[in-house]
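Enquirer: Okay, handing you the structure first.
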Amino acid sequence: MEHIYIPGKNKDLAPLLLLHGTGGDEKSLVEVAEFIAGDAAVLSLRGDIKEGGANRFFKRFHDGSLDLEDLESKTSELITTTRELAKKYQLDFERIIAVGYSNGANIAANALLQAENSFHKAILFHVMPAGNKQPEFSISHRSVFLSAGLNDPLITAKASEELVEILKQRGANVETVWTAAGHSLTMEELEEAKKWYQNNQK
């Protein structure tokens, strides 16, 4: 998987794993990472699925519904790749905080919910549930920042609310921010994500 690694100036800070939205690449969220934690190490991945030339982390069908079989496979691959790269760059996998937007947030959320060997914390911008069956293990040791736009035409606030409920039912510690915006990231979201990171990066 194509990626970039940016060494952190402060190794005491939790590393960030960046997962872009549809049509993005490994550079798309670098400025977001710099805003949230400018001195933290950054590992940013490029999704290797192509949809009309646009990069994604997993497939979806022509009607827009998610390919759950591919999502399961790609989620496992994401965790394995992240663990291998963390070892290569001498990062503590257990401290990594995933930062995902849209498609990237969806696969990060799926990793938190479906995989016991996943990362434990995530910042999820504009995210929805996959609709797959939930396993029974508790995720009470996992923490999530989730933000959504009440006027988002692509990922509705209702869909994000459904994911919040699933995360809470499974035991996760969830902090939410709702804006009046659409699908684009807002400064309000970034500022709140930065505060959350500062309180959760240890």
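Here the working numbering is used: position 105 in the sequence shown is 152, and no number is missing along the way. All residues carry an ideal CB built from backbone N, CA and C; glycine is no exception. On a predicted model such as this, the values are computed, not experimentally measured, just so you know.
According to DSSP, what are the bridge partners of H50?
Expert: Your numbering for residue 50 matches position 3 in the sequence shown. H50 is bridged to L92.
Enquirer: Take I186 and list the residues in its own chain whose beta-carbon comes closer than 6 angstroms to its own, dropping the five residues that flank it on each side.
Expert: Sequence index remark: in the sequence shown, residue 186 carries index 139 (1-based). Excluding sequence neighbours, I186 sits near R217, G218 and A219.
Enquirer: Taking the C-alpha atoms as reference points, what is the distance between V69 and K168?
Expert: Here the question's residue 69 lines up with position 22 in the sequence shown. Here the question's residue 168 lines up with position 121 in the sequence shown. A small correction: the amino acid at residue 69 is Thr; Val does not occupy that position in the sequence shown. Roughly 22 angstroms between the two C-alpha positions.
Enquirer: Identify which residue in A162, M175 and H173 has its Cα closest to the Cα of F184.
Expert: As a first step, residue 184 must be located in the sequence shown, where it is residue number 137. Selected option, being the one with the closest Cα: A162.
Enquirer: Find the nearest neighbour of P54 within the set S75, N153, H67 and S91, judged by alpha-carbon distance.
Expert: Here residue 54 corresponds to residue number 7 of the sequence shown, with the count starting at 1. Nearest of S75, N153, H67 and S91 to P54, Cα basis: S91.
Enquirer: Name the one or two DSSP bridge partners that F172 has.
Expert: Taking the sequence shown and counting its residues from 1, one reaches residue 172 at position 125. Answer is Y148 and S194, bridged to F172.
Enquirer: Decide yes or no for the touch test of the segment 148-159 against the segment 66-84: beta carbon pairs closer than 8 angstroms, at least 3 of them.
Expert: These segments touch.
Enquirer: Reducing DSSP to helix, strand and coil, say where K205 ends up.
Expert: By one-based count along the sequence shown, residue 205 stands at place 158. If DSSP states are grouped into helix, strand and coil, K205 belongs with the helices.
Enquirer: Cβ of F172 within 9 angstroms of Cβ of V191?
Expert: Here residue 172 corresponds to residue number 125 of the sequence shown, with the count starting at 1. Here residue 191 corresponds to residue number 144 of the sequence shown, with the count starting at 1. Contact flag unset, no.
Enquirer: Quick one: what's got a C-beta closer than 7 angstroms to E49's C-beta in the same chain, skipping five residues either side?
Expert: Here residue 49 refers to the residue found at position 2 when the sequence shown is read from its first residue. Result list for E49: E73 and R93, in chain order.
Enquirer: According to DSSP, which residues form a beta bridge with N102?
Expert: Here residue 102 corresponds to residue number 55 of the sequence shown, with the count starting at 1. N102 pairs with K97.
Enquirer: Rounded to whole angstroms, how far is the Cβ of P200 from the Cβ of G229, which I believe are closer than 8 angstroms?
Expert: Taking the sequence shown and counting its residues from 1, one reaches residue 200 at position 153. Taking the sequence shown and counting its residues from 1, one reaches residue 229 at position 182. Going by Cβ atoms, the distance from P200 to G229 rounds to 6 angstroms, so yes, they are a contact pair.
Enquirer: Can you pull the DSSP bridge partners for V224?
Expert: Start at 1 with the first residue of the sequence shown, and residue 224 comes out as number 177. DSSP, once it has assigned bridges, lists S194 as partnering V224.
Enquirer: Is it buried or exposed for A227, if we count other Cβ within 10 angstroms and need 16 for buried?
Expert: Taking the sequence shown and counting its residues from 1, one reaches residue 227 at position 180. With fewer than 16 other Cβ atoms within 10 Å, it is exposed.
Enquirer: Would you tell me roughly how many angstroms separate the C-alpha atoms of R103 and N157, rounded to the nearest one?
Expert: As a first step, residue 103 must be located in the sequence shown, where it is residue number 56. As a first step, residue 157 must be located in the sequence shown, where it is residue number 110. Computed Cα separation, rounded: 15 angstroms.
Enquirer: Taking L76 as part of the beta strand (DSSP E), name the residues at either end of that continuous run.
Expert: Residue 76 sits at position 29 when you count from the first residue of the sequence shown. That residue, L76, is in no beta strand (DSSP E); it is neither H nor E in DSSP.
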